[in-house]
Each structure stands twice: as C-alpha cells, then as structure tokens.
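These notes are about the structure you will find just below.
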C-alpha cells in the first residue's frame with residue numbers, strides 16, 4: 001500500500017504542483033575557530 005501511495009503522489013499533477021519544499025537549501029559549511037584559552041567557551 002505504501003508503494004501504491006508513493007507512485008500515485010509522484011504521478012499526480014496537482015500533488016507535484018502544490019507540493020513545495022519548505023526547507024532552506026543547505027548552505028556552505030563554515031569552519032569553527034578553536035578557542036584561544038582553556039575554558040573560553042563552555
């Protein structure tokens with residue numbers, strides 16, 4: 001039944017038209033600088 005529903009959703013034009021992504025696109029990774037002193041960041 002799960003496969004049947006998945007196939008229907010993929011082939012449904014209204015589902016594909018109105019099913020927008022609600023997530024932000026992944027961004028670039030940013031390096032984290034090491035602390036200068038011991039216990040600087042807890």
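Residue numbers (the numbering used here): 1 to 42.
C-beta atoms are modelled at their ideal positions from N, C-alpha and C, and glycine is treated no differently.
Whole angstroms is fine: what's the gap from residue 31's alpha carbon to residue 9's? 40 Å
Coil, strand or helix - residue 30 by DSSP: coil
Delimiting residues of the alpha helix (DSSP H) encompassing residue 18: 13 to 18
Here's a check: name, in chain order, each residue in its chain whose Cβ is nearer than 6 Å to the Cβ of residue 28, leaving out the five neighbours to either side. none
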